[in-house]
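There are 4 protein chains.
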Amino acid sequence: MRTGVWLVGARGSVATTGIVGGLALRAGLTGPTGCVTELPDLRGPALPTFADLVFGGHDVATTPLTKRAEALAAAGVLPGRLATALAADLAAVEDDLRPAPTGGSQAERAATITADLTAFRERHRLDRVVVVNVSATEPAPAAHPGHADPDALRAALTGPDEVLPPSSLYAYAAVEAGCPYVDFTPSTGLRLPALAALAAQRGLPYAGHDGKTGETLVKSVLAPMFAMRHLAVRSWSGVNLLGGGDGATLAEPGANAAKVDSKQRVLGETLGYVPQGGTRIDYVEDLGDFKTAWDLITFAGFLGTGMRMEFTWHGCDSALAAPLVLDLARLTAAAHAAGRAGPLPELAFFFKDPIDSPTHSLSEQWQRLVDFTRELHAGGAG
Amino acid sequence: MRTGVWLVGARGSVATTGIVGGLALRAGLTGPTGCVTELPDLRGPALPTFADLVFGGHDVATTPLTKRAEALAAAGVLPGRLATALAADLAAVEDDLRPAPTGGSQAERAATITADLTAFRERHRLDRVVVVNVSATEPAPAAHPGHADPDALRAALTGPDEVLPPSSLYAYAAVEAGCPYVDFTPSTGLRLPALAALAAQRGLPYAGHDGKTGETLVKSVLAPMFAMRHLAVRSWSGVNLLGGGDGATLAEPGANAAKVDSKQRVLGETLGYVPQGGTRIDYVEDLGDFKTAWDLITFAGFLGTGMRMEFTWHGCDSALAAPLVLDLARLTAAAHAAGRAGPLPELAFFFKDPIDSPTHSLSEQWQRLVDFTRELHAGGAG
Amino acid sequence: MRTGVWLVGARGSVATTGIVGGLALRAGLTGPTGCVTELPDLRGPALPTFADLVFGGHDVATTPLTKRAEALAAAGVLPGRLATALAADLAAVEDDLRPAPTGGSQAERAATITADLTAFRERHRLDRVVVVNVSATEPAPAAHPGHADPDALRAALTGPDEVLPPSSLYAYAAVEAGCPYVDFTPSTGLRLPALAALAAQRGLPYAGHDGKTGETLVKSVLAPMFAMRHLAVRSWSGVNLLGGGDGATLAEPGANAAKVDSKQRVLGETLGYVPQGGTRIDYVEDLGDFKTAWDLITFAGFLGTGMRMEFTWHGCDSALAAPLVLDLARLTAAAHAAGRAGPLPELAFFFKDPIDSPTHSLSEQWQRLVDFTRELHAGGAG
Amino acid sequence: MRTGVWLVGARGSVATTGIVGGLALRAGLTGPTGCVTELPDLRGPALPTFADLVFGGHDVATTPLTKRAEALAAAGVLPGRLATALAADLAAVEDDLRPAPTGGSQAERAATITADLTAFRERHRLDRVVVVNVSATEPAPAAHPGHADPDALRAALTGPDEVLPPSSLYAYAAVEAGCPYVDFTPSTGLRLPALAALAAQRGLPYAGHDGKTGETLVKSVLAPMFAMRHLAVRSWSGVNLLGGGDGATLAEPGANAAKVDSKQRVLGETLGYVPQGGTRIDYVEDLGDFKTAWDLITFAGFLGTGMRMEFTWHGCDSALAAPLVLDLARLTAAAHAAGRAGPLPELAFFFKDPIDSPTHSLSEQWQRLVDFTRELHAGGAG
Ligand SMILES: NC(=O)c1ccc[n+]([C@@H]2O[C@H](COP(=O)([O-])OP(=O)(O)OC[C@H]3O[C@@H](n4cnc5c(N)ncnc54)[C@H](O)[C@@H]3O)[C@@H](O)[C@H]2O)c1
Ligand SMILES: NC(=O)c1ccc[n+]([C@@H]2O[C@H](COP(=O)([O-])OP(=O)(O)OC[C@H]3O[C@@H](n4cnc5c(N)ncnc54)[C@H](O)[C@@H]3O)[C@@H](O)[C@H]2O)c1
Ligand SMILES: NC(=O)c1ccc[n+]([C@@H]2O[C@H](COP(=O)([O-])OP(=O)(O)OC[C@H]3O[C@@H](n4cnc5c(N)ncnc54)[C@H](O)[C@@H]3O)[C@@H](O)[C@H]2O)c1
Ligand SMILES: NC(=O)c1ccc[n+]([C@@H]2O[C@H](COP(=O)([O-])OP(=O)(O)OC[C@H]3O[C@@H](n4cnc5c(N)ncnc54)[C@H](O)[C@@H]3O)[C@@H](O)[C@H]2O)c1
Ligand code: NA
Ligand code: NA
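Chains as they are written, first to last, in the working numbering: chain C, 3 to 384; chain Y, 3 to 384; chain F, 3 to 384; chain R, 3 to 384.
This is the structure in structure tokens:
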């Protein structure tokens, strides 16, 4: 099952780490640590192998992929030996990267993207191409009448308005090209009635939003712990210090708001009440691609006794995110192959703000993911 | 369903907090925070109500219960107003406390305990009495031929040897009195072939070992998180600083070894490999009944990138343990009423070192507990 | 040397804790922990004794002092037994509290304050009264021509403008009443040319600003450590979570800015460069009078190797601040008695943002304080 | 002033980092971060320059220095580019490394060491050679009559006994060769009456013990902070997790005891009382050359209110220690040049367990160091 993985933001940290890692796995230069689809409970015949994956993508930046890989190696995100060993393979992927289209109407730009996707699929004789958005987080867009339904949207796109934010324009173009779509960012992507309707019409599955890699991952096991023990969480306050490209973007207030919002949802929905406190994101350039998050939780036990827990998470965001991008591409490809269309709530395990998921508990999400892949492997998830 | 809760170590911190809390719940002076059997997923008709519970117990100490309650209030474990408001009820429980028997053969001491239990059950017209061991942790006992089967045991007990450690003598006496037994400590208790056989013969359920309240509770959700994400835990090191009566006991090397051992089991069994590092327990008198645990976890992600997490847990052990003692008494009583005999692996959720449990994952244990209580309420867990 | 301690914000947490503690020390009910003027290096004959201190003050609030003391006891800031034992003494202080004047021109309000101070001094036959501002932090005031010199100020005060922020109006009135003045808050207080000139004319000493009690105290020893070891601090980021009255005020952006500003100064001035990162203050009601601060410091050593340190400070702000208020009153009274006028940079040890201090290093400030008190005791600091 | 730096343990992590750094400074390939003798308050004409330093040493290991440098680069202790750029200079130093002598009487081994030192001094026409012990920490030696005075020692060394532990044998040989001696480890070194007498006779200065680089460095500023604020430290508990060669040695109980001991001294001597708690050292291989220390401090403030602080230090021990080794060599050489003999308590700033120092406060030690170097530069410290 030859599968294209088309990355929007293909020269970013997550994308570059994902490409290097995917190529390294194909070449047998590394093991599958961090790839959940390689765990005994999940792996199986329905998923494309690492050797089946072919990478391409769009980006507004033009830095060569090998330069980005070297920079990530210098920053301790990748082993330098991989960047060196895979130089030729990276150059090959470079040929499949395309500039983000500019100028003209949004309809014209969408057509260019669709054409890029179609050409990629044909050039490599791929069974399908999964589009994964790992570009910079956008601010929430203004409402527009064109968001309501496919016809209104199509009409509006030909006009002069910036009807869709970039993530949604890519999603639209992906659907037009018959490609499943995954949003690894908190951006809008496919979350508009017009786009959801279009994806349903075309029989395309999609998943999102916002990869769950650091503080929120920890929250998704600690909050259920407090709930299962009937302990009353009084306050939960967090601060995220991060450098890197993503950090710089998130320092921008619009994007920060979008991110913080999806982070707090976990608590309220798991506990049944919203504790005091909030989450901060601050940009500290020196931290580079490593993020430090600190959380303080105060809680009451039996007879009201006050207690506290704090944790510090010091993680490399790209090293945590990249294998999940590969997992999501494999799973979404398999779902498409199995005939699934519309949202994939079974992939909630991967997201901070999962579409249509009844729970934020990591282990309930895990159980659902295990059941889903079991069905896929048995040939029945469609 | 009038249910006796007989506490071995009835004047200790956990026991006193449990008694005060149980009386306060009966009197409507406090809410059920920390009692998992009061969560919507677990509560129901099969469990005795708080008003159904009657407390008694053994202890080697003689400090009056009201004195212990005042001391715990001064230490911030209990609200002082409860100790005051419940003075009369505590005095009533005082009448049901008995000294730990001394002198004579172990058979004679066991007979005294059995007689105390039987008299308690009759005096209060109780449907059943659950014996819960919350006395000081013992060192592991020396092997003895009497441990092998009921007949050998009975014969040995009449001789001069200290055949059984105290926890096991209480367990033996409980079984002889027809009482279900719960071990909240890491001591041996019912974990001897002779005693397990006896409990089976008498149709008595039992549960244990070692209440899971602090660092290990956190481990039981964090270790599965790393496993589910296919992250490679390289080292997990912890230190537990604690004061209080339990802290003083654990400073003693024999007991320390027993406790540390049950703490490390969670990791190896959850991850499938044992990471580097270990757990320390140190006695720091000034910390009183509050414990501070600090853990450092180093782990590798995709392509081997090294990352780290640390957490500090600052909990009041007695406030965490006491409601679980009430939960265990209620659940074990209900299991007995439903005709269950032998070990209760469905109660693994409560223990660091659960009997016969296939998993240390808190959420899998939770699911099993939910299923079990659902059956009990439906009238079918026997 | 009978000394009045007049507290602006006399019903606040810091003031109430200071009054209770001062009375308890006088009554021999507590020891001098936290009072630096009782250390062997500082104590001596020049300072008024605790028995010499008489308390009074202004506040806009009207809650009785005994109520405030009970609330602080319930919150764990004070031992309840002290609030009880000192009820009569607190009632006596209550008689010396006055409402903050309202209505009329600022000149009229200042006159009322001056009259209150004079009457207090006479009523109790005090040698002098030290005015200490411990009221809520104000936003920075708008510039006004009246701030420039005493004549312009006096003229402006009779008009309709709010020429001075409250802290400065109290400072003005204190100077008019011949009282030394200490500003324990980051508010403007005496820091206006007109007021400094007036204090000099009247021969009055003054000190400030902003008591150094938590995170900044720690910074004032850690930053010199990095400097003395020639380590390059790359980033220093902090978050302060606090409840209580002060926390609520600081949640207000104007006050927050003032406070954060004085917190960051320490780093730049000690290190000679400003590292990346910043300090946040967030209000978390559940934390009450206890504050949790977390700081992350990244630094480079030899050959550029990156390292990190983090600390969590969990302190009771009022318990840290109150004894310093007593220290400052004693020291400023002694300075006044010795004939000192104008700013007292020798008291920099106590402040986040000290007037005229060449250093933020706690130990250099300490050395200066030791020298200063030694001179006072020898009779020569004037 | 051509100065030899003779490192005992010359192939260890600290020594190798020191040599690479010294060569890199000479070549202008790096800056002096971490070298305190390059701070404005300390630098000056009395110290040998980095270009004046010539390295040599003994080791029981034989791994080539370039191999060790590469390994340290791979572990993130050094930048890889330095190991590469300095390959030729490292090979030159290699020629000045000698095996630790074995076999024969201790007198014979000492003679070999003395000969190695003398040859080194002559070969490179050095004004003097400072011997610095950075070899593995030893257990405390058994008492021996030969330790009492020079004559007894000389007599004993010719016999079959292992009279001196290795660190003291090196110290003896250094003194015999007329070399000042610095002990950067907690080993015995020159701390025996016989050796101190000999050094005095020969007019040689010496310094020690045990470089202060991590947790103890932090303690030496935090403990004075608590003392200066009259706060009562109730408990101070710490754990040190470390890998690397030093970590493996310290896992050995004898060495561990020596190290822990020197760590606890700071507290008792600074505070005037010994708080509860202790320090643990645990070996965790995965941490490599980076050490993580965690400390919990509980303390009481005014009126007994309980508070707490915790910190985590994540430092690269070799990167912290190596520049201090260069500092100590430069300062001890200058002291020797100025005619100083006997212990150098002015260098207490550098040590956990300083010889003859009246204080453990880092800033008091700093002041003394500043005064000392000022005198040296002025030509008068002798
Ligand atoms: N790393 C994680 O753990 C994690 C977790 C959840 C979500 N995410 C999200 O993943 C995204 C990528 O993160 P990153 O660290 O790789 O960021 P990055 O800044 O390194 O990469 C983003 C890339 O997107 C490109 N880009 C920006 N606008 C574009 C456009 N209109 N079209 C095409 N490309 C565009 C940029 O040029 C850049 O190369 C972010 O939105 C982040 O919030 C990351
Ligand atoms: N608190 C927790 O979170 C927690 C968690 C798991 C296990 N535990 C276990 O619970 C037990 C009780 O803890 P605690 O904090 O109440 O300790 P504690 O020291 O306050 O109380 C123990 C009591 O047992 C009594 N005792 C000792 N030997 C006895 C004997 N032979 N017969 C009868 N009584 C005896 C003592 O006199 C004391 O009153 C300990 O074994 C502890 O390890 C506690
Ligand atoms: N606690 C500390 O560690 C610390 C350290 C440095 C500075 N401070 C400063 O000390 C001050 C007091 O702190 P707190 O915790 O006691 O706060 P608080 O809110 O408990 O008390 C402030 C008091 O000031 C009174 N007040 C407000 N406006 C007034 C006015 N115009 N005239 C007279 N009274 C007025 C309030 O009614 C209140 O009683 C704050 O400004 C705080 O920033 C405190
Ligand atoms: N790194 C720090 O921050 C720090 C701080 C204080 C003290 N120290 C001390 O510095 C010493 C060196 O630390 P390291 O990390 O470099 O350790 P390391 O194990 O890397 O190096 C020690 C070296 O000493 C050599 N050695 C052992 N016995 C010897 C002998 N008898 N003669 C000659 N050489 C011998 C070993 O072969 C090894 O090369 C240790 O004693 C350590 O306790 C280090
Ligand atoms: Na921490
Ligand atoms: Na911490």
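Just so you know, even glycine gets a beta-carbon here, dropped at the ideal spot from N, CA and C.
Nearest to C:Val-276 by C-alpha distance, out of C:Arg-282, C:Ser-15, C:Arg-267 and C:Ile-283, is C:Arg-267. Apart from sequence neighbours up to five positions away, the residues of its chain that approach F:Leu-233 with a beta-carbon distance below 6 Å are Phe-301 and Gly-303, ordered along the chain.
In this structure, Y:Leu-243 places its C-beta atom within 8 Å of the C-beta atom of Y:Lys-293. Note that the stretch 356–373 of chain Y does not touch the stretch 88–97 of chain Y; fewer than 3 beta-carbon pairs, one per stretch, sit closer than 8 Å. In terms of beta-carbon proximity, R:Arg-332 stays away from the interface with chain Y, with every pair separated by 8 Å or more.
When DSSP states are grouped into helix, strand and coil, Y:Thr-314 belongs to the strand group. In terms of beta-carbon proximity, Y:Glu-348 stays away from the interface with chain C, with every pair separated by 8 Å or more. Listed along chain F are Thr-35, Gly-36, Gly-317, Cys-318, Ala-321, Leu-322 and Pro-325, each with a C-beta nearer than 8 Å to that of R:Gly-303. Sorting C:Leu-269, C:Thr-18 and C:Val-177 by C-alpha distance to the C-alpha of Y:Leu-305 places C:Thr-18 at the top. No Cβ of chain F is located within less than 8 Å of the beta carbon of C:Leu-273. Interface with chain C (8 Å Cβ-Cβ cutoff): F:Gly-30 is excluded.
F:Pro-182 and F:Pro-207 do touch by the CB rule: their CB atoms are close to 5 Å apart, below 8 Å. Between Y:Ala-77 and Y:Asp-291, the C-beta gap is smaller than 8 Å, which places the two residues in contact. Chain order gives the chain F residues near C:Gly-279 as Val-286, where near means a beta carbon separation below 7 Å. Along the stretch 61–87 of chain F, there is no position whose C-beta sits under 7 Å from a C-beta of chain C. Around the beta-carbon of C:Arg-83, fewer than 16 other beta-carbon atoms lie within 10 Å, marking it exposed. Nearest neighbour of F:Gly-274 by Cα position, chosen from F:Asp-358, F:Gly-245 and F:Arg-236, turns out to be F:Arg-236. Within the stretch 98–119 of chain F, contact with chain C at the beta-carbon level (separation under 8 Å) is assigned to no residue.
Counting only the Cα atoms, F:Gly-249 lies some 30 Å from F:Thr-116. Looking at the DSSP output, Y:Ile-299 shares a beta bridge with Y:Trp-238 and Y:Met-311.
In the structure shown, C:Asp-212 adopts coil according to DSSP, grouped into three states. Secondary structure of Y:Leu-243 (DSSP, three-state): strand.
Contact between Y:Thr-5 and Y:Leu-55 holds, with the beta-carbon distance rounding to 6 Å and staying under 8 Å.
One alpha carbon belongs to Y:Leu-346, the other to Y:Val-177, and they sit about 15 Å apart. Boundaries of the beta strand (DSSP E) around C:Gly-59: 55–61. Under DSSP, Y:Tyr-183 takes part in a beta bridge, and its partners are Y:Val-133 and Y:Tyr-208. At least one heavy atom of ligand 3 sits closer than 7 Å to the Cβ of F:Arg-13.
If you draw a 10 Å sphere on the C-beta of C:Pro-167, you find 16 or more other C-beta atoms in it, and that means buried.
The three-state reading of DSSP puts C:Val-10 in strand, counting E and B together. Contact between F:Ala-154 and F:Ala-196 is confirmed by a C-beta separation of about 7 Å, below the 8 Å threshold.
A Cβ of chain F is located within less than 8 Å of the beta carbon of R:Val-223. If you draw a 10 Å sphere on the C-beta of R:Ala-339, you find 16 or more other C-beta atoms in it, and that means buried.
Scanning chain F for C-beta atoms nearer than 9 Å to the C-beta of C:Glu-217 yields nothing, as the closest lies near 14 Å away.
For Y:Ala-202, the CB contacts under 8 Å within the same chain, skipping 5 residues up- and downstream, are Ala-343 and Gly-344 in chain order.
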